[in-house]
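Going down the list, the sequences are from chains A and B.
Per the UniProt record's numbering, the first sequence starts with residue 1, numbered consecutively.
Per the UniProt record's numbering, the second sequence starts with residue 1, numbered consecutively.
Beta carbons are placed, not taken as given, at the ideal position from N, Cα and C, and that holds for glycine.
Bear in mind the structure is a predicted one, so any value in this text is a computation, not a measurement.
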Amino acid sequence: IHTTPVSYASGEGARAVPLAGHVGFDSMPDQLVNKSVNHGFCFNILCVGETGLGKSTLMDTLFNTKFEGEPTQHNQPGVQLKSNTYELQESNVRLKLTVVNTVGFGDQINKEDSYKSIVEFIDTQFEAYLQEELKIKRTLHSYHDTRIHACLYFIAPTGHSLKSLDLVTMKKLDSKVNIIPIIAKSDAISKSELTKFKIKITSELVSNGVQIYQFPTDDETVAEINSTMNGHLPFAVVGSTEEVKIGNKMVKARQYPWGTVQVENENHCDFVKLREMLIRVNMEDLREQTHTRHYELYRRCKLEEMGFKDTDPDCKPFSLQETYEAKRNEFMGDLQKKEEEMRQMFVQRVKEKEAELKEAEKELHEKFDRLKKLHQDEKKKLEDKKKSLDDELNGFKQKKTAAELLQSQAQQAGGSTTLKRDKERKK
Amino acid sequence: IKNLEGYVGFANLPNQVYRKSVKRGFEFTLMVVGESGLGKSTLINSLFLTDLYSKDYPGPSLRIKKTVQVEQSKVLVKEGGVQLTLTIVDTPGFGDAVDNSNCWQPVINYIDSKCEDFLNAESRVNRRLMPDNRVHCCLYFIAPSGHGLKPLDIEFMKRLHDKVNVIPLIAKADTLTPEECQLFKKQIMKEIQEHKIQIYEFPDIEDDEDSKLIRKIKERMPLAVVGSNVVIEVNGRKVRGRQYPWGVAEVENGEHCDFTVLRNMLIRTHMQDLKDVTNNVHYENYRSRKLAAVTCNGGVDTSKTKNQMTRSPLAQMEEERREHVMKMKKMETEMEQVFEMKVKEKKQKLKDSEAELERRHEQMKKNLEAQYKELEEKKRHHEEEKSNWEAQQRILEQQKLDASKTMEKNKKKGKIF
């Protein structure tokens, strides 16, 4: 019920008709309320502030209970967000309260990125809701809303002005969450200083363009009290879970030697105002603003980032289908183009490589052709040499044969002569 | 659950919700369907105690139509500080033709088109505050035949029960006696169950007392109603009723008909629930069907589609994108691999043929060298032989010379005879 985009009875094109009796639809608000009560309520508070400003104590005081957790040390490496969820009940109203604390905020030497984790956390909750809202089968009705409905910004009670960290952080957060600035541990400031402090803070916020949450004044039933309270911002608060006996009652207070600061005494601090505004009067409005303003802004930015846009504001009704299809086609076309490019590139490379290799092959063949030619030449030389040797051999052979023939002839003749001589001799 | 010590104040939340809802105002769209003459307009006028349909704005039956039309009238009513924009949608011509096949189609189209409008408005990037014109409830008028449902009744309810909250009514109940009415109701409910038609079930409210009442009311379903535009005086009371010679059938008399029950249920106790069921069930069904058709390519029911349904379309597109990129990368690596392999192959081949050629060349060279060596050897041998022979020849020559010299000498000496 809370989660549909808020629609207003337009009444346009409707003609007013009188009723001749009691019809009974004046029970509609009750029907709606009964459903809400049955369904249960949900509220998420984010406390931003330096360590030691009494954030946890204030939560305990506001909700009259002791929430878990120990006081944190100052030596945190970065800003962490710790969130705890509690189921509270008051008469027949069930409230799922989530308190998110910034641990380590402002403790680092270099605080430049302090706000980053806070912004991220807030965005993450928006993102989770957006994802659920965009699902095909969604269960918004039973979705546990984790979006931050109110951000209590704790200002240190210096009495002078806002710290630059405060201004920077609030500026980063003012378009994402309802900011309610409060002056923490305000019992450290005297009344006159407090007035000056409040004025200084307010003017600094205005001059820096920080949009803090304004209690709504459009509903006559609460317009007056809301507008008065707007004038008391930032609320100067004191938190305490200790009780002190004042008169015959036990009241929440802080006891000093010089007196007792009563938390719920409006002369002492603005605690009651805070409780009144935050819980009793405007809790539902805070939730509604988160849903219809801050979340819508986040959603719009996110969708635009992804490339979605309304085709035609008034003439053609925007069709989710068409957008998805268009987006998907665009995307597919893109991919196909990339694929083609890649293929082309490969074809190119293959061509180049082939040419390279062919070139190398050609060179190789040329080389061997050259070698072959050399070889041929060598062979020819060898052949020639062989031939000349053969010729020489033949010549020699002939010579030899001729000489031997001659010799043998001469020998035969000489031999016979010698023989004759020898014969002669012997006679 | 934490116990709180002391009053915090969030018990005031319901009041805050109340306040805001009154400021916003309410809207409700009621559709009436049934043949002409069943007293639809009269019933509407009676329900809302106003002349919604009058001489200036005639009701559906008085507007003679050739085909089924779907028309809406919007009125603004105020009561107890609560403002309600009431849209009555009527369907003149429904069931009046001879051939009534598909006479429900214009009705379905209307309901779907309102859901479509809402879906489009909800899906815009720049969302504005938009009115809720979806049909929250459909009163279906059954003719008081006393027998059972007509085929048209069954067909219509079957086709519309999963698109809109259907509340069947027995019209002109003053034509049935209580016993006839009882039987008729039983028969109708039996047939509704047989055909698995899901009519709107007035859900239990937390309150014990009311739930007893509601159970009693459920036994009276379908509600038999009588409507009247005329106020008659009965026993000093001014009542809406129908005057007969035999008496007055009072509209708001629980013993005469179930009109009061209908009004209480429809307007006083369950109007918000009708809207919630429309929003959380009927509209969501429409939406998921519509979106599934777009993003799941026809909604083929595989396990993949089932997963897709529970994911946001944006996440889905991201997923598709990633898948495709991975596919491309894979393709790229594959192509790269094939390319490298082919290059390697080719290079290897080249290397091999180079080695082969080298080898052959080496061999030829060696061959040649061997031949050279052989030749050299031959030559050397020949040289040796030649020089030996020449040396021999020289010796022989010398011998010859010596011999001839000696002969000469001997000759001279006279030794020769």
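- Separation of P245 of chain B and R128 of chain B (C-alpha to C-alpha, rounded to the nearest whole angstrom) is 57 Å.
- Counting every other CB atom within 10 Å of its CB across the protein chains shown gives V98 of chain B a total below 16, marking it as exposed.
- Counting along the chain, A156 of chain A sits inside no beta strand (DSSP E), nor does DSSP assign it H or E at all.
- Within the model, the alpha-carbon separation for T260 of chain B versus F154 of chain A is close to 57 Å.
- Interface residue (Cβ-Cβ distance to chain A less than 7 Å): G241 of chain B is not classified as such.
- Counting other Cβ atoms within 10 Å of its Cβ, Q348 of chain B stays below 16 and is therefore classed as exposed.
- Taking one beta carbon from each stretch, the region 223 to 231 of chain A and the region 275 to 284 of chain A have 3 or more pairs nearer than 8 Å; the two touch.
- Contact of R254 of chain A with chain B is not assigned, every C-beta pair being separated by 7 Å or more.
- Under DSSP, G259 of chain A shares a beta bridge with A:Y256.
- With a threshold of 7 Å between beta carbons, E378 of chain A makes contact with chain B.
- The continuous alpha helix (DSSP H) containing I122 of chain A extends over residues 114 to 134.
- Relative to L49 of chain B, the option among A:M59, A:P18, A:T51, A:S27 whose CA is nearest is A:P18.
- Per DSSP, the unbroken alpha helix (DSSP H) holding P178 of chain B starts and ends at 178 to 194.
- The C-beta of A355 of chain A has fewer than 16 other C-beta atoms within 10 Å across all chains shown, which makes the residue exposed.
- Taken through DSSP and simplified to helix, strand or coil, D218 of chain A comes out as coil.
- According to DSSP, V93 of chain A shares a beta bridge with A:E90.
- Going by beta carbons, D187 of chain A and V237 of chain A fall outside the 7 Å limit.
- Residue range 191 to 207 is occupied by the alpha helix (DSSP H) that includes E193 of chain A.
- In the displayed model, M407 of chain B falls within a helix according to three-state DSSP.
- In summary, H160 of chain A is exposed, with fewer than 16 beta-carbon neighbours lying within 10 Å of its beta-carbon over all protein chains present.
- Between K82 of chain A and N101 of chain A, the CB-CB gap stays under 7 Å.
- Here DSSP, grouped into helix, strand and coil, assigns S353 of chain B to helix.
- Chain B places a beta carbon closer than 7 Å to that of K137 of chain A, counting this residue as a contact.
- Counting along the chain, Y244 of chain B sits inside the beta strand (DSSP E) bounded by residues 237 to 244.
- At least one beta carbon of chain B lies nearer than 7 Å to the beta carbon of S27 of chain A.
- For K78 of chain B, the enclosing beta strand (DSSP E) has its first and last residue at 71 to 79.
- K245 of chain A: member of the beta strand (DSSP E) spanning 243 to 246, first to last residue.
- Residue range 137 to 142 is occupied by the beta strand (DSSP E) that includes C138 of chain B.
- Bounds of any beta strand (DSSP E) do not take in A121 of chain B; it lies within the alpha helix (DSSP H) bounded by 105 to 123.
- The region 277 to 292 of chain B makes contact with the region 161 to 171 of chain B: 3 or more CB pairs, one atom from each, lie closer than 8 Å.
- When CB distances to chain A are screened at a threshold of 9 Å, the residues of the region 20 to 33 of chain B falling below it are K20, S21, V22, K23, R24, G25, F26, E27, F28, in chain order.
- Counting only residues of its own chain and dropping the five nearest sequence neighbours on each side, D96 of chain B has a CB closer than 7 Å to the CB of E35, S36.
- Interface with chain B (7 Å Cβ-Cβ cutoff): T146 of chain A is excluded.
- For M265 of chain B, there is no enclosing beta strand (DSSP E), as DSSP marks it with neither H nor E.
- In the structure shown, M31 of chain B falls within a strand segment according to DSSP collapsed to helix, strand and coil.
- A Cβ of chain B is located within less than 7 Å of the beta carbon of K386 of chain A.
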